[in-house]
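Asker: Residue 482 is where the sequence shown starts when you use the numbering used here, and the numbers rise one by one after that. Glycine is no exception: its CB is placed at the ideal position from the N, C-alpha and C atoms. Computed from a predicted model, the values in this text were never measured in an experiment. Below you will find the structure I want to go over with you.
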Amino acid sequence: DADARAALEDLAVTLVGEVGALIRDERPDGLGVAHTKSTDLDVVTEMDTRAEALLRERLAQARPDDGILGEEDGMTGGTSGLSWVVDPIDGTVNYLYDLPAYAVSVAVVVGDPTTPGAWAPVAGAVVNPRTDEVFHAHLGGGARLTSRGRTRSLAVAAQPTLDGALLATGFSYDRQVRRRQSAVVADLLPRVRDIRRMGAAALDLCHVAAGRVDGYFERGTHPWDVAAGLVILGEAGGIASGADPGSPASTDLVVAANPVLHPLLRAEIARLTSADPR
Ligand code: IPD
482 DADARAALED LAVTLVGEVG ALIRDERPDG LGVAHTKSTD LDVVTEMDTR AEALLRERLA
542 QARPDDGILG EEDGMTGGTS GLSWVVDPID GTVNYLYDLP AYAVSVAVVV GDPTTPGAWA
602 PVAGAVVNPR TDEVFHAHLG GGARLTSRGR TRSLAVAAQP TLDGALLATG FSYDRQVRRR
662 QSAVVADLLP RVRDIRRMGA AALDLCHVAA GRVDGYFERG THPWDVAAGL VILGEAGGIA
722 SGADPGSPAS TDLVVAANPV LHPLLRAEIA RLTSADPR
């Protein structure tokens with residue numbers, strides 16, 4: 482019910498606050514790459530590992546029956562039907578370079594977050610510890626931004642057309658996928674206001690929710706990149722779709738915008754990628 486979802490949101494806010502402070506305050510000088518994952522571009526630092534361990538420790542204490550899907554350690558546990566989908570550092574490359582646009586993303590979902598389309602977020606929080614901004618929401622409760630002790634409601638922008646739209650996107654760690662993504666950007670860029678690549682998918686979705694960009698699209702994100710952002714976006718009046726129509730939790734291709742711009746952006750990306758769906 483609503484009270485239970487609000488309590489889950491509160492816990493997510495507490496967790497991202499603690500872990501956000503850890504990664505900001507204890508980032509070692511001269512931080513390097515500990516190892517790479519899916520490709521040579523997909524980096525992990527010692528702080529990704531430390532931050533996920535802290536999230537898992539806190540969740541094991543507070544919510545021992547829930548599952549946890551984390552970017553670094555995969556899926557563990559879970560008998561309650563709820564799972565926490567966590568990205569200890571979203572925007573790891575920004576973090577590696579100390580660019581101040583990285584986040585901790587914590588969501589609670591129902592269903593199975595390891596199966597595309599089989600889960601849906603019910604609450605979540607995303608912090609950018611460098612700007613001291615926490616975006617947070619639960620289903621039915623609206624979306625809010627808390628910063629420096631003040632909380633305000635979030636709403637998507639009203640931009641109705643593509644030609645005046647400020648868009649955000651992200652690029653895969655797969656160089657082949659990037660080649661195709663660059664073709665989509667090359668086609669869109671002359672026809673919109675501008676395109677940002679800020680480097681953290683969770684923040685991109687929150688920025689659509691806050692009306693700081695008009696839309697966002699990216700192919701090949703993972704549940705931990707988008708789960709919290711999706712509930713925040715939806716509660717701010719935005720629409721997100723995945724590759725399956727009607728399945729906002731499918732993360733193959735995420736397109737996010739206000740309800741007027743969303744179908745236009747979605748159709749445009751579909752047209753540009755129809756010959757080559759990945
Ligand atoms: C990545 C960031 C990036 C997006 C990638 C994600 P990570 O997450 O969100 O902006 O383009 O698709 O994988 O690896 O920094 O947690």
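Between V590 and V567, how many whole angstroms is the CB-CB distance? I'm expecting something under 8 angstroms.
Answerer: 11 angstroms between Cβ atoms; not a contact.
Asker: Would you mind working out which of A690, L669, D706 and S663 sits nearest R747, comparing C-alpha positions?
Answerer: For R747, the nearest C-alpha among the options comes from L669.
Asker: Here's the rule I'm using: 16 or more other beta-carbon atoms within 10 Å means buried, otherwise exposed. How should Y583 be labelled?
Answerer: Classification for Y583: buried.
Asker: Kindly give me the distance between the Cβ atoms of A682 and G710, rounded to whole angstroms, as I take these residues to be in contact under 8 angstroms.
Answerer: About 7 angstroms separates the two Cβ atoms, so the contact holds.
Asker: DSSP state of N739, grouped into three classes?
Answerer: Coil.
Asker: Taking DSSP as the reference, what is the three-state secondary structure of E552?
Answerer: Correct three-state label for E552: coil.
Asker: Buried or exposed: which applies to P509, given that a residue is buried once 16 or more other Cβ atoms fall within 10 Å of its Cβ?
Answerer: Flag for P509 reads exposed.
Asker: Express the C-alpha separation of G715 and Y578 in angstroms, rounding to a whole number.
Answerer: So the two alpha carbons sit approximately 31 angstroms from each other.
Asker: Could you say which of P594, G696, D706 and A618 lies nearest to H743 if we only look at CA atoms?
Answerer: It is G696.
Asker: Any heavy atom of the ligand IPD within a distance shorter than 8 angstroms of the CB on H703?
Answerer: Within the cutoff, so yes.
Asker: Taking the straight line between their C-alpha atoms, what separation do you get for V524 and D571?
Answerer: Their backbone Cα atoms lie some 11 angstroms apart in a straight line.
Asker: With distances taken between CB atoms, is the gap from A737 to L684 smaller than 9 angstroms?
Answerer: It is not a contact, given that the beta carbons lie outside the stated cut-off.
Asker: With respect to the alpha helix (DSSP H) encompassing A690, which residues constitute its N-terminal and C-terminal limits?
Answerer: From DSSP, the alpha helix (DSSP H) with A690 extends over A682 to A690.
Asker: Can you give me the C-alpha to C-alpha distance between T612 and L580, rounded to a whole angstrom?
Answerer: Each residue's Cα considered, the two are about 11 angstroms apart.
Asker: Quick one: Cα of V497 to Cα of E552, how far?
Answerer: Taking the straight line joining both Cα atoms gives about 15 angstroms.
Asker: Identify whether T573 lies in helix, strand or coil by the three-state DSSP scheme.
Answerer: In the structure shown, T573 sits in a helix (DSSP, three-state: H, G or I).
Asker: Any heavy atom of the ligand IPD closer than 8 angstroms to the CB of G696?
Answerer: No; taking the cut-off as 8 angstroms, the Cβ of G696 has no heavy atom of the ligand IPD nearer than that.
Asker: Would you report the Cα separation of Y654 and D521, rounded to the nearest angstrom?
Answerer: Each residue's Cα considered, the two are about 8 angstroms apart.
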